[in-house]
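Taking my numbering, I'd label the letters of the sequence shown as residues 434 to 696.
Ideal Cβ placement from N, Cα and C applies to all residues, glycine included.
Below: one structure, written as structure tokens.
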Amino acid sequence: MSNHINIRRARLRTVGVLAGALALYVSAALAATLLSGSAVVGALVSNAAAFAAGLFWLRTQPRREGSEGPVSNRGVLGQGRGFWALTAASLALCWIVGQAASVWLYSLVGSAEFDQHAAAKSSAPIPLTLLLVLILAPMGEEMLMRGVAYTRLRRHLPPLAAAVVTAAVFSLLHLNLVQIVATLPLGLLLAAVYEQTGRLAPVIGLHAVFNLLSVIVPVALVSSLSSLTFVLLGGSGLALLLVQLYKPLSAVSREREVAGSHA
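Below, the structure written as structure tokens:
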């Protein structure tokens, strides 16, 4: 009976942590935007606040063993050339397929919210925008979604379920159809890498590379690939790569659950 009560309390604490983290992120963005009149400044402040608060939270958490928390299966995929080659290929497909799908959907239904987002970025000073896109957004968003949300959810959920939840929230936080579609597969990839490595630095780096590609790759190139056929074929290839990343992690997670049930 007491075990069930403890589990319920742990779940309520997880809900509280996630709600608090999201509330901090959103409220900081809104307050800074209202005070500065710039959505870019609002995003800079909210991501800086998310990273600082998340870093403090992680340092106050006791190290947990067993099935609770990210598995951190160092060596499950070897983390050698094979693992990072698979990760690099997945990142490339995440970007190409995500961008092509978002451009294709935008051509069909448009997105006033994305137009506002693009206008806000274009009106801000270029150094400020680059600071946000290449440094603070990857740091703040990864601390929020992988460092805090994913870490906490993994105390209750297997890797894929926690990845789907955090990837969905991660994409929805962008508040426009174009970026939601573009970032959803990225969230799934970054959760798999975080689960495998147990470290935020690699996922922050991958997120920064993803954003860098969005800055330097010509829009015309993406537009030339924005067809339903390419999206379906590329999405199928990406799904196969992600399955290869998640398959060994799911197997280890099941083994630990079985071991825990016999303990």
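What are the boundary residues of the alpha helix (DSSP H) that includes ALA533?
Segment 514-542, the alpha helix (DSSP H) holding ALA533.
Can you name, in chain order, every residue of its own chain whose Cβ lies under 6 Å from the Cβ of THR447, other than the five neighbours on each side?
ARG585, listed in sequence order.
Could you say if the stretch 457-477 and the stretch 542-561 meet the contact criterion of at least three C-beta pairs nearer than 8 Å?
Yes, the stretch 457-477 is in contact with the stretch 542-561.
Output the distance between the C-alpha atoms of GLN677 and SER523, rounded to the nearest integer angstrom.
Straight-line Cα distance between these residues: approximately 10 Å.
Indicate the three-state DSSP secondary structure (helix, strand or coil) for ARG579 in the structure shown.
Residue state, collapsed to three classes: helix.
Applying the criterion that 16 or more other CB atoms from any shown protein chain within 10 Å of the CB defines a buried residue, is GLY620 buried or exposed?
Classification for GLY620: buried.
Give the DSSP-derived three-state secondary structure of GLY670 in the structure shown.
DSSP places GLY670 in helix when its eight states are reduced to three.
State the start and end residues of the unbroken alpha helix (DSSP H) segment that holds ASN609.
Here ASN609 belongs to no alpha helix (DSSP H), and DSSP marks it neither H nor E.
Mind checking which residues open and close the alpha helix (DSSP H) that includes HIS550?
That run of the alpha helix (DSSP H) goes 545-556.
Could you check what DSSP says for ARG632 in three-state terms: helix, strand or coil?
Reduced to three states, the DSSP call for ARG632 is coil.
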